[in-house]
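Single-structure report; data block below.
In this note's numbering, the protein residues as written are 44 to 226.
Quick look at the structure:
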């Protein structure tokens with residue numbers, strides 16, 4: 044992994060551990076960063092799983108925000124452990140991707156045995172793909188004469204499209220090794 048990103052992750056995990064102490068269950072890296080396949084447009088996605096969400100601790104953590112976390116494009120989802128099953132049903136495609144591509148940076152693995160309902164995965168997959176189509180149409184109409192803007196729109200859509208393709212293959216019983224290979 045890029046040393047700048049690794050330092051940002053190390054600092055983030057240390058600050059989360061220091062701030063949330065016994066409320067912290069796990070810090071999980073997921074997506075392309077977990078595979079060490081970041082592209083220049085990639086965010087470094089994290090899930091912080093807490094036993095309890097304490098607003099005072101969250102405010103204290105916010106004061107520790109480091110510029111290198113922003114520079115490394117760290118993006119954290121803050122989730123209580125008792126919300127995992129509900130979140131997985133509501134955001135099935137994302138959590139199936141998390142289950143496939145994650146690395147635990149601290150704590151236990153809250154996603155090792157995660158079961159995402161098939162019906163939820165199919166519904167979310169349809170919703171995600173429709174959302175991508177609608178957004179790309181908007182981008183074409185709004186920025187069609189600016190080729191660079193269109194290239195960025197396509198790049199932004201590529202991650203969700205790869206994740207959706209991987210999910211579709213998994214639902215059909217023929218999972219791809221990586222989302223990139225699913226396309």
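Note that the Cβ used here is the ideal one computed from N, Cα and C, for glycine as well.
If you compare alpha carbons, which of 62, 81 and 73 is closest to residue 47?
Of 62, 81 and 73, the residue nearest in Cα terms is 81.
When the Cα atoms are used, what is the spatial distance from residue 126 to residue 153?
For residue 126 and residue 153, the distance between alpha carbons rounds to 11 Å.
Where are the beta strand (DSSP E) runs, 3 residues long or more, that stay fully inside the stretch 125-201, in chain order?
If we require 3 residues or more, the beta strand (DSSP E) runs fully inside the stretch 125-201 come out as 145-150.
Contact between the stretch 128-136 and the stretch 157-165 is defined here as three or more beta-carbon pairs at a separation below 8 Å; is this criterion met?
Yes, the stretch 128-136 touches the stretch 157-165.
Beta-carbon separation of residue 149 and residue 70 under 9 Å?
Yes. Within cutoff.
Once you ignore the five residues that flank residue 200 on each side, which residues in its own chain have a CB closer than 8 Å to its CB?
Excluding residues within five positions, the ones whose Cβ falls inside 8 Å are 175, 178 and 179.
Roughly how many angstroms lie between the CA atoms of residue 116 and residue 85, to the nearest whole one?
One C-alpha to the other measures close to 8 Å.
Considering only C-alpha positions, which residue in the set 124, 111, 76 and 79 is nearest to residue 95?
The residue with the shortest Cα to Cα distance from residue 95 is 124.
Does DSSP put residue 81 in a helix, a strand or coil?
Reduced to three states, the DSSP call for residue 81 is coil.
Could you tell me which of 49, 211 and 159 sits nearest to residue 131, measuring between CA atoms?
Nearest of 49, 211 and 159 to residue 131, Cα basis: 159.
Please classify residue 226 as buried or exposed, where buried requires at least 16 neighbouring CB atoms within 10 angstroms.
Its Cβ having fewer than 16 others within 10 Å, residue 226 is exposed.
Are the Cβ atoms of residue 74 and residue 128 separated by less than 9 Å?
Contact: no.
Tell me which same chain residues have a C-beta within less than 7 Å of the C-beta of residue 223, skipping the five on either side of it?
205, listed in sequence order.
To the nearest angstrom, how far is the alpha carbon of residue 151 from that of residue 192?
Near 41 Å, if we compare the C-alpha coordinates of residue 192 and residue 151.
Start and end of the beta strand (DSSP E) containing residue 69?
67-73 is the span of the beta strand (DSSP E), which, as asked, contains residue 69.
Have a look at 181, 103, 53 and 221 and flag the residue whose alpha-carbon is nearest the alpha-carbon of residue 111.
Among 181, 103, 53 and 221, the Cα nearest to that of residue 111 is on 53.
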